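Take the sequence shown: its letters are residues 0 to 276, numbered as in numbering that gives the first Met the number 0.
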Amino acid sequence: MAILIDGKAVAAAIKDELKSFVEEKAKEGKHACLAVIQVGNDPASSVYVGNKKKACAYIGIGSESFELPGETTENELMELIDRLNADDKITGILVQLPLPRHIDPDKVIRRISPAKDVDGFHPMNVGALSIGEDCFVSCTPQGIMELLKRYDIETEGKECVVIGRSNIVGKPMAMLLLRGNGTVTVCHSKTRDLKEICKRADILVAAVGRPKMIDHEYVKPGAVVIDVGIHRMENSKLCGDVDFDDVMPLCSAITPVPGGVGPMTIAMLMKNCCKNL
Ligand code: NAD
């Protein structure tokens, strides 16, 4: 029987640990404050931003919201980021993606001070991750490593296959597994023999963005399967990139959707917010 990796419970435990940490730091007069910027009113983004603010409030991290209209220019957004970079009270800056089409997300990410880049998207942090230096690490892959650690799932010497090479999930995931001494293969839309490669994996991470694509044909018996995908189905329920019911009987451990990787992303964002306290 596969172990169900309970990201919701682990995330709740981490938030409680951070709450105590933040209380201790407050006694030394040290405080964290996250600036959250949203441009436009994409409903999904509003939900994510709301959840982040709620998590900050629970832990005792300050948060300042900047809800800018969809017509905000790139220059106006840059000026706000410059002000927040220079503001000593603000310890973390997060710009909720996606941005409206007229704003270049890469330029925006580069404008955030690497020292306040709690999403870990700035090229300085990405570079530091790749050479094994201390840095802000992208929250979703960091959360997956934390889940593996807390479930005593060893990465050293394991065949790790990551499906997806995005800058926010696939690539940093591969770097972290490599740092964990795994033997890492990164697959993507141009990969040939995807099923055969996935079937080699002791640890399979699906960050492919296609609902229920990964079924039993991709999974080696006894593998650990981590599902990063989040999709809303027609019946309004959520599903992942993995066909959970089909794969679960095969694997040794698996993350469900919802309640697996998702809650860890916010928990790691909170951890990043506390990193330099
Ligand atoms: P993305 O679209 O940027 O990247 C998808 C990757 O999958 C690409 O690198 C692409 O090459 C690869 N791919 C696409 N089709 C493929 C195919 N048929 N075969 C092999 N590879 C293929 O997506 P992303 O931002 O990395 O997100 C991936 C999924 O994770 C999405 O469902 C997203 O909603 C979800 N997500 C969840 C969280 C979370 O907190 N749980 C965070 C970020 C993203």
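Built from N, CA and C at the ideal position, the CB exists for glycine as well. All values reported here derive from a predicted model rather than from experimental measurement.
Hey, is residue i close to the ligand NAD, as in C-beta under 8 Å from one of its heavy atoms?
i      : result
Cys186 : yes
Gly181 : no
His215 : no
Arg199 : no
Val168 : yes
His30  : no
Arg191 : no
Asp105 : no
Ser165 : yes
Out of curiosity, what's the CA-to-CA distance linking residue i and residue j?
i      : j      : result
Ile2   : Ile265 : 23 Å
Ala200 : Asn234 : 32 Å
Gly221 : Thr90  : 43 Å
Asp105 : Ile143 : 25 Å
Val218 : Asn84  : 45 Å
Lys88  : Met212 : 45 Å
Phe243 : Arg209 : 13 Å
Val9   : Met267 : 11 Å
Phe120 : Asp133 : 14 Å
Phe20  : Ala54  : 14 Å
Ile311 : Thr184 : The question about residue 311 has no answer, for the chain in this structure spans 0 to 276.
Ile229 : Pro257 : 8 Å
Lys14  : Arg149 : 14 Å
Ile111 : Lys170 : 21 Å
Under the DSSP definition of a beta bridge, which residues are partnered with residue i?
i      : result
Cys238 : His230
Val224 : Leu203 and Ile253
Ile2   : Ala252
key: Every unbroken beta strand (DSSP E) inside the segment 21-98 [3 residues or more]   = You should have 32-38, 61-67 and 91-94.
message = To test your reading of the DSSP string, which unbroken beta strand (DSSP E) runs of 3 or more residues are found completely within the segment 155-222?
response = Complete beta strand (DSSP E) runs here, min 3: 158-162, 182-186 and 202-205.
query = Counting pairs of beta carbons, one from the segment 175-194 and one from the segment 33-42, are three or more of them closer than 8 Å?
reply = Result no; under three Cβ-Cβ pairs closer than 8 Å.
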